[in-house]
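One rule links them: number in my numbering = place in the sequence shown (from 1) + 8.
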Amino acid sequence: MSIDLGRLPRFPLANLPTPLQEASRLREALGGSDKCPRILIKRDDLTGLAFGGNKVRKLEYLIGDALAKDATVIITAGAAQSNHARATAAAAVVAGLRSVLVLNTDEAEPAVQGNLLIDHLLGAEVRFVPKGSDSDAEMKKVAEALTANGETPYVIPVGGSNEIGAAGYLTMSLELREQLSAFAAMPSRLYFGNGSRGTQAGIVLGAIALGMPYRSYGVLDSPNSPFKEERAVRIANRAAELVGSDTRVSDADMINVDGYFGEAYGVPTTAGDEAIVLLARTEAILLDPVYSGKAMSGLIDHIRTDQIPADETVVFVHTGGNSALFAHADRLARLARAG
Ligand SMILES: *Cc1c(COP(=O)(O)O)cnc(C)c1O
């Protein structure tokens, strides 16, 4: 049962605990208490550090490890509008380290907006590679060149999704346990945006190790694959070992909710955009078009199609990402004005 995060080096970056907030106006908008379960939103968009989000919890432990290994420069990878890359660049600043971001894009000149603008403001060194590149291989090349220059690089995988990052996300479950007892709530389900699986590994391991009452629903941001499924279980169980827990998870514990990412990763959906506007207008909470908006569109659809009894409680983990909103301004402004 026990989780001992004290075994791992930690570099403080996040404002914790993040609030747990009752979304009663959203519940009203979705049909009220006859139709819609109680909704509690865990505000991991508010972890702080240059627009926050879920990656900051992982980075406290990843940067802790990097500093323990005397790193001088952090290397990571992602899309041009990667929240993870932006959060990593911010974490590097605070830790006094340089950062190199390997960002994939098919555009000759990706718009310097949203996260990419912040990467530049933070002083990260940005290198573009074509979409579909092997990001691990690209990061290895960068690391080898830096090593030859006398630097000590530390490579963080895409999304910060390894066992250390997943262990870092256990802090969310530890906070939620306290907060749920303050709310006198026993949620049956927890929803979140699911990408490179580090968050899922941490959430599912935390839920089982702490005996939480809910099952965890990871709304996919991109097509599922056996590799990703295997990674989720592997890093969850390695994270368990790192924190001295006897808990082990299996495939059956990982619920991947398909059908809400639309055409592909990063391509907006109408339902996701509508969720962004609805949350803005009911709770003044800002979601994003790539992860949290699509995840919320999955929860909303499950509510509208009566998959969750109205007398139950659900938790939605807002994983952040709203720093990317500005890269979608024209489309979202049209929708917002039309409504
Ligand atoms: C990265 C990210 C996720 C997904 O987290 P993973 O650990 O990669 O699965 C969800 N929401 C937002 C806003 C993110 O930036």
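We treat Cβ as the ideally placed atom computed from N, Cα and C, and that holds for glycine.
key: DSSP-derived helix/strand/coil call for L340   = The answer is helix: DSSP assigns L340 an H, G or I state.
In chain order, each beta strand (DSSP E) run of at least 3 residues that lies wholly inside the segment 49-127 = 81-87 and 106-112
request  = Would you tell me roughly how many angstroms separate the C-alpha atoms of S258 and V241, rounded to the nearest one?
outcome  = 6 angstroms
task = Inspect the beta-carbon positions of G167 and G203 and report whether they are closer than 8 angstroms.
result = yes
message = Checking the sheet assignment: what are the DSSP bridge partners for S224?
response = L198
ask   = Helix, strand or coil: how does DSSP classify T321 here?
value = The answer is strand: DSSP assigns T321 an E or B state.
query = Would a C-beta distance cut-off of 8 angstroms place L57 and A97 closer than the cut-off?
reply = no
task = Assign I187 to one of three DSSP states: helix, strand, or coil.
result = Note on identity: in this sequence residue 187 is Gln, with Ile being the wrong assignment. Three-state result, Q187: helix.
message = Closest to A103 by C-alpha separation, out of R35, Y162, S90 and A156, would be which residue?
response = Y162
ask   = Using CA coordinates, which residue listed in G210, N245, I243 and F191 is at the minimum distance from T321?
value = F191
For R239 and S10, the rounded distance between their alpha carbons = If you take the alpha carbons of S10 and R239, they lie about 23 angstroms apart.
query = In terms of residues, what are the limits of the alpha helix (DSSP H) holding P234?
reply = P234 to L250
task = Count the other C-beta atoms from every protein chain shown that fall within 10 angstroms of the C-beta of D78, then say buried if there are 16 or more, exposed otherwise.
result = Around the beta carbon of D78, fewer than 16 other beta carbons lie within 10 angstroms, which makes this residue exposed.
request  = Can you tell me which of L28, L70, G214 and V108 puts its alpha carbon nearest to the alpha carbon of K50?
outcome  = Of L28, L70, G214 and V108, the residue nearest in Cα terms is L28.
request  = Give a single yes or no on whether H423 has its beta carbon closer than 7 angstroms to a heavy atom of ligand 1.
outcome  = Nothing can be reported for residue 423: it is not among the residues displayed for the chain, which extend from 9 to 347.
inquiry  = Using the three-state DSSP reduction, which class does E146 fall into: helix, strand or coil?
reply    = helix
key: Continuous beta strand (DSSP E) stretch holding R135: start and end   = Looking at the DSSP string, the run of the beta strand (DSSP E) that includes R135 is E133 to V137.
query = K43: beta carbon under 7 angstroms from a heavy atom of ligand 1?
reply = False, no ligand heavy atom lies under 7 angstroms from that Cβ.
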